[in-house]
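What follows is one structure encoded as structure tokens, with my remarks underneath.
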Amino acid sequence: MSSDSRRRLQILVAFAVVYIVWGSTYLGIRIGVRDIPPALLAGVRNLIAGLVIMGIACVRERIWPGNARDWLHA
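All residue numbers for the sequence shown refer to numbering that gives the first Met the number 0, where the first residue is 0 and numbers rise by one.
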């Protein structure tokens, strides 16, 4: 597989993942609004987002800001 076709495949897979994840949020919100209080639903959504971002940071090996100045911008 050439570099150009591999790059094209990566882009298509990335779009497919975004399409599926973004589309599933509407179903999740529909179910959540019916069964879960709004404040709890917002908290769970933020918790999931934080865990995803933390996972990405762990994979990229940039977990915490390095010094006090970085913490001010965090």
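Note that beta-carbon positions come from the ideal geometry of N, C-alpha and C, so glycine has one too.
Note that this is a predicted model, so its numbers are computed, not measured.
State the start and end residues of the unbroken alpha helix (DSSP H) segment that holds residue i.
| i | result |
| --- | --- |
| Ile35 | Run containing Ile35: none; DSSP gives neither H nor E here. |
| Arg68 | Ala67 to Leu71 |
So, at 8 Å on beta carbons, what are the nonlocal neighbours of residue i in its own chain, with the 5 sequence-adjacent residues on each side left out?
| i | result |
| --- | --- |
| Ile19 | none |
Assuming the contact rule is C-beta atoms closer than 8 Å, residue i and residue j should be a hit. Round their C-beta distance to whole Å, please.
| i | j | result |
| --- | --- | --- |
| Val32 | Leu40 | 7 Å |
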